[in-house]
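Some notes on the structure that comes next.
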Amino acid sequence: MRTIALTLAIISACGASCELHTCSTLTKQLYASLSTGSKLEISSLEDLKNAINGPKELFINDPYISAPEFAELIEKYPTIERIKITKCKELFIYRNLLNDLKKLKVAQFIRTRVTLNAIQSLIENNPLLEELQLESSRIDFETKKLSYPTWKFVQNLQHLAIEDDLLNFNRALDVLTEVHNLSDCRLNGSNLNFDPVLNECQYSNNRMRQLWLRGRIIRSESLFHTLRLFKNLKFLEIDSISQINKPYLKNLPEAPELEAANFSNFNISPAAIHTFLLGCTKLKRFAPPPLLIKDYKALKKEFPSIVFYPNNNLPQYGKRGIFPKMFNECDE
């Protein structure tokens with residue numbers, strides 16, 4: 001049998017606060033907390049109601065938890081606002097498992113199997129959702145009729161991270177153009193191609209600050225449209241992991257707010273990069289696409305305030321929340 005650390009709130013009959021006590025039972029490894037501290041202050045009837053009704057956060061890290069056991073937890077705590085499931089090898093999250101959750105603000109599924117229909121249900125039922133993370137998770141399809149979430153339901157979504165080989169299936173990338181409050185976005189898929197989505201979009205998201213896009217096929221035009229649509233980006237990495245020939249990109253829109261950028265594996269003219277850098281007055285770190293040595297040295301000489309990185313020697317990524325910074329040095 002495995003043990004569980006479950007934080008429970010015990011309401012004091014004579015006090016105005018809830019002491020959090022830890023007890024052990026023979027069940028799955030679960031951590032449910034009412035607050036980040038050791039004491040929850042009760043200052044209103046709503047605070048008392050929340051304490052009695054159950055925890056706000058549910059963290060599960062158990063490779064052996066089953067779907068029925070998970071369903072029992074959700075049924076017990078339907079009002080949780082944050083859920084994090086990580087490394088649950090045996091857990092298969094299908095659509096009906098998440099139907100009872102209506103107040104989620106943060107949902108994180110890490111190294112856990114989850115169906116696309118479950119994600120759809122989560123998005124449709126939780127309009128207050130602010131952060132969604134699907135990192136290193138296997139996203140499965142329950143039916144032959146494949147579809148991706150309708151992102152219009154989650155206009156409060158600010159932070160998104162998805163790592164999935166089928167990411168671009170059926171216009172999954174519409175999230176970039178449909179969610180107007182998105183500010184931090186990490187998309188990593190083996191078959192990304194942003195051209196159809198970005199090329200057709202006339203809407204600009206001025207809230208987007210950090211964008212990390214990586215895929216097997218990303219045409220250089222996607223970089224152009226990314227800069228066109230997200231005018232206030234501070235950190236940008238857009239990287240095609242293949243070395244296929246791409247059309248020659250002769251110009252780039254200005255990005256006056258950009259502080260760090262990595263344009264890996266794009267066929268962009270040195271003249272276009274030069275013009276682009278002239279308009280990037282706040283740029284501190286830059287990894288250009290592959291250039292001739294003479295062009296690379298010329299850019300370094302003309303822009304001494306910018307630290308240039310060859311693409312084969314990039315700094316390691318740090319973390320800002322669940323999203324990687326462009327470079328460690330840029331987080332001030």
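The working numbering puts the first residue of the sequence shown at 1, with every later residue one more than the last. No residue lacks a Cβ here, since even glycine has one placed at the ideal position from N, Cα and C. These numbers were taken from a predicted model, which means no experiment stands behind them.
Item	Value
Buried/exposed call for Ala255, threshold 16 Cβ in 10 Å	buried
Reduced DSSP category for Asn117 - H, G, I as helix; E, B as strand; rest coil	helix
Cut-off 8 Å between Cβ atoms - residues of its own chain near Thr281, not counting five sequence neighbours on either side	Pro256
Assigned exposure category for Ser183 - 16 Cβ within 10 Å defines buried	buried
Pairwise C-alpha distance: Asn181 and Gly215	24 Å
Backbone CA spacing between Pro68 and Val154 [nearest angstrom]	28 Å
Ile293 burial status per 10 Å Cβ neighbour count (16 or more: buried)	exposed
Nearest candidate by alpha-carbon position, reference Ile238, set Ser204, Ile110, Leu187, Leu157	Leu187
Cβ distance (whole Å) where Asn117 is taken to contact Arg82 below 8 Å	22 Å between Cβ atoms; not a contact.
Burial state of Gly189, where buried means 16 or more other Cβ atoms lie within 10 Å	buried
Other residues of its chain near Asn265: CB distance less than 6 Å, five sequence neighbours each side excluded	Ser240
Whole-Å CB distance - Ile110 paired with Gln133, under 8 Å assumed	7 Å
DSSP bridge partner residues for Asn262 (one or two, in chain order)	Glu237, Ala287
As assigned by DSSP and simplified to three states, the class of His159	strand
Delimiting residues of the beta strand (DSSP E) encompassing Leu176	It is not in any beta strand (DSSP E) - Leu176 instead sits in the alpha helix (DSSP H) that spans 175-178.
Helix, strand or coil at Thr150 [DSSP, three-state]	coil
Start-to-end residues for the beta strand (DSSP E) that takes in Ala255	That residue, Ala255, is in no beta strand (DSSP E); it is neither H nor E in DSSP.
Status (buried if at least 16 other CB within 10 Å, exposed otherwise) for Glu178	buried
Span of the beta strand (DSSP E), counted from its first residue to its last, around Ile306	That residue, Ile306, is in no beta strand (DSSP E); it is neither H nor E in DSSP.
Host beta strand (DSSP E) of Lys76 (start-end)	Unbroken run through Lys76 is the alpha helix (DSSP H), 67-76; no beta strand (DSSP E).
Beta-carbon spacing of Tyr309, Arg285 below 8 Å	yes
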